[in-house]
Structure formats: structure tokens, C-alpha cells
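Basically the working numbering = 1-based index in the sequence shown + 661.
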Amino acid sequence: MVTTGGTTLKDDILRLQEAVHVVVGTPGRILDLASKGVADLSQCKTFVMDEADKLLSPEFTVVIEQLLSFLHKERQVMLFSATFPMIVKDFKDKHMIKPYEINLMEELTLQGVTQYYAFLEERQKVHCLNTLFSKLQINQAIIFCNSTNRVELLARKITDIGYSCFYSHAKMLQQHRNRVFHDFRNGVCRNLVCSDLLTRGIDIQAVNVVINFDFPKNAETYLHRIGRSGRFGHRGIAINLITYENRFDLYRIEQELGTEIQPIPAVIDKALYVAPGIEDTPSSTPTHGSSSAPSSNANQAGHQHQQSNQAHRNGRQTNQQPSDQSHVPQPHDKPTLPPQQLTFQKAAPIDSLSHATPTEYANGAPPPNSSRVNHKSTRGGSGGPHRGRGGGAHRAPSGIAPAA
């Protein structure tokens, strides 16, 4: 059975009334079931941690150690991760007896992913992002921020400019995050803004560009982030927006990973991130009226109904196929977006964008052209994913507040 936080406990209790041989879930939810006496783990002799470096970080260590106390004393513990920082070694010394270490990585780097950095000021980031959208041939892109507030704020700005955009972070309800991920994987949207919640175990073949809007603080996070591009042997690029405060982090991560992050050139060779045979259709400018993110209260029928109405208003029909949760992309089948989503119109020039202060957005004040965008957000997980629709010459502020 599978159990995670953000879902009802009642369903888990009903399933545990019958024999369960394998439980897959988040540490907090499994500990909750064990401490309530719903899940009897006294005869469980196998304990597996995927992404062990994350599960053994300070925020989870106490939960993991409490969970181990419910298991059989003669248990086998297995750890899986792309990186093993010192905190994992401390756990091995304390809880594992003569552990075997199997290293399947010849070197701690990413093959097929070309890495660049752009040195700029904080207020220039949105301008730079808009330029990247206009110059790169993006199939799908994941854009990382360092805080949930900046995730939502940046998603609104991208939508205001006129590009299709979803967002996802840890404060959203699990069902909303699942919906965003499913639709993004199936090509409903081109861009996904997210926190580090989506850095691990997420394989989307269509992603060929990863952008660190906020540069990470450690090498492990950086490695997992840029690993979202170039999946299944395909090529991809990672672009890092570097401010003056990030310059030492950039150098340190290069040294720790033994990799090279190059200054971004004026023109990036498409052979580095565009699969051979894919039609050269630029993603230079947004499709007004079709850029959208999932709604906080939209169900599947409503989602398709809004797409149909929007296509009718634009005087054309979309060939977008409905989402199919049973479809799992195969390694030989690199999905691409429908041609209608690959063709964009010219965006409003960046110099014409308004300069509303970040504080106005943080306080919930609607941005320009607010009648075209639904600005409901997910503060504290009480709402659903953001949805917006572009139209006309959109206007958005040129910078966002620094991360806390």
C-alpha cells in the first residue's frame, strides 16, 4: 500500500485491516500509523530509504529514528541516494552493522547536461528569464526557486507575460500537486515553477531545460535539480541565474562536483538540448489566451471545458489530448507538445512591463490586467494550484523580492 501526508487517514486504516506486505510512504505518515497502533511494524525486518540524503537531513532525522524503534531489532536497513553527505555516514555508524557500500556512479557529475550561468542583479532576473524564453527552443522547462512564496510569485509573473505556467510546492495539497505533475508530464503546459520538492525521483522525458532562478546553497541540491533535464540519455541544458551573493556558492559547487559551469554564450547550440528530428519550431513568444496553470478548484471536466472555450475564442481548435493517468512514457518515446503549443506570438517588450513593487504582490494586491488572471494562491496549503490566462500585451513587474 502507498500512504503519504495530505491524504485521509481513514483509507489507510481500512487497508491495514487486511494483510499488507509492503508499505511505501512518507516517514511522517508511517510513523503516525505506527504510533496510533494502526500499523504493526514489530515483525518488519526490512527498512528501505530512497533519497537517503534527504530523509536523513535534520528535519527528518528524529522521525526516522522514532520509526526505527517500531521495527524488529534484527532488521536490514538499505539506503539509496545519488549523494551521501556526512550525515548519512553518521546514521550508518549508529544504526547499521558492517554495511556494504555499492557505488554505481563512476563520477559525481551529469552526462548529457550542459551547464551555464548568467551573472546579473536580482532585479534583472525576470528580464533574463523572458529573454531565455524568447531565444531557446524549449520543449518543457522546470524553473526552481528557493522558497514557496517566490514559486507562486514567479509563476504569476510568467503567466502575466503570457507564457503557459504551472507551479508546485510543499504547501499545496497532495491532490493538487499530483494533478499539476500529471498534467505537466502529459504536455498540458510548457513551464513548471517549483521548489526543491520536485528535485528527486521525478522523470519527465520532455524536459530539456532546467533554470535555477534561485541558485541552490549546496551541491546535493544542485545535482538533483539539474538532473531533471537530459533524462533517459537525452540531452539537456541547465541555466543558473547568479547574483553577486551567489558567486562563492557557484565556485564551491563546481569544486565539490568536479564539473564546469560555463558563462552563457550569446547563442546556445541547439544540438546540446534539442533532440534530432524534432521540428525547429521556436518557443520565442507566448500564445496569448492559451497560457494557463491548473485551477485551485478545477476538476478534469472543467479543465477540458475551459481549454475548449479558450480555443473557440481564439478562432481555432486545439489538438491537445486529454490527460491519461495510465500512460507512462517509455525511454524510447520522448514526448513533445502539440504543434499549437509550440507556436507562439510576439510578447510585449520587457521595457514596457510595469514596475509594481514586490511588496504589493506579497500583500495580495492584484497586478496589472488582473481581470485576465486568477490570483488565488495556496497560502499554507489551504488552496489549490494557481491558474492564469494570458491575453493581449501583458504587463508584469521586472523583479521579485529576494528569498528569505
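C-beta atoms are modelled at their ideal positions from N, C-alpha and C, and glycine is treated no differently.
Taking 9 Å as the cut-off, the Cβ atoms of ILE819 and ILE799 do not count as close. Nearest Cα to ASP930 within the set PHE721, VAL774 and VAL709: VAL774.
Apart from sequence neighbours up to five positions away, the residues of its chain that approach HIS830 with a beta-carbon distance below 7 Å are THR809, VAL812, CYS855, SER856 and LEU858, ordered along the chain. For THR792, the enclosing alpha helix (DSSP H) stretches over residues 786-796. Taking 9 Å as the cut-off, the beta carbon of HIS756 is found closer than this to the beta carbon of GLU726. Of all C-beta pairs linking the region 774-791 to the region 743-751, fewer than three are shorter than 8 Å, placing the two stretches out of contact. Here GLY848 is buried, its C-beta having at least 16 other C-beta atoms within 10 Å.
Contact between ALA779 and LEU728 does not hold, since their C-beta atoms are separated by about 43 Å, which reaches or exceeds 8 Å.
The beta carbon of ILE914 lies closer than 6 Å to those of ALA880 and TYR883 in the same chain, with the five residues before and after it left out. If you check the CB distance, LEU793 and CYS806 do not come in under 9 Å. Taking 9 Å as the cut-off, the Cβ atoms of LEU853 and CYS826 count as close.
If you check the CB distance, THR707 and GLN737 come in under 9 Å. Comparing C-alpha distances from ARG690 to each of LEU902, PHE874, GLN835 and THR920 shows the shortest one belongs to GLN835. Going by C-alpha positions, LEU902 is about 10 Å away from PRO877. When C-alpha distances from HIS885 are compared across MET739, TYR912, LEU918 and VAL724, the shortest belongs to LEU918.
Of all alpha-carbon atoms in ASP751, ASN873, ARG676 and TYR912, the one lying nearest the alpha-carbon of ASP714 is that of ASP751.
In the DSSP assignment, TYR761 forms no beta bridge with any residue. A direct Cα-Cα distance of roughly 28 Å separates LYS753 from ASP910. Residue burial annotation: HIS733 is exposed, with fewer than 16 other C-beta atoms found within 10 angstroms of its C-beta. THR722 carries a helical assignment under DSSP once its states are collapsed to helix, strand and coil. By the Cβ neighbour-count rule, ASN764 is exposed, with fewer than 16 other Cβ atoms within 10 Å of its own. Contiguous alpha helix (DSSP H) elements confined to the region 779-859 occur at 786-796, 809-822 and 835-846, taking only those with 4 or more residues.
In chain order, PHE805, CYS806, ASN807, ARG811 and ALA1064 place their CB closer than 7 Å to the CB of ASP875, counting only its own chain and leaving out the 5 sequence neighbours on each side. Boundaries cannot be given for PHE874, as no alpha helix (DSSP H) includes it and DSSP labels it neither H nor E.
One thing to note: GLU782 has its Cβ no nearer than 9 Å to the Cβ of TYR912.
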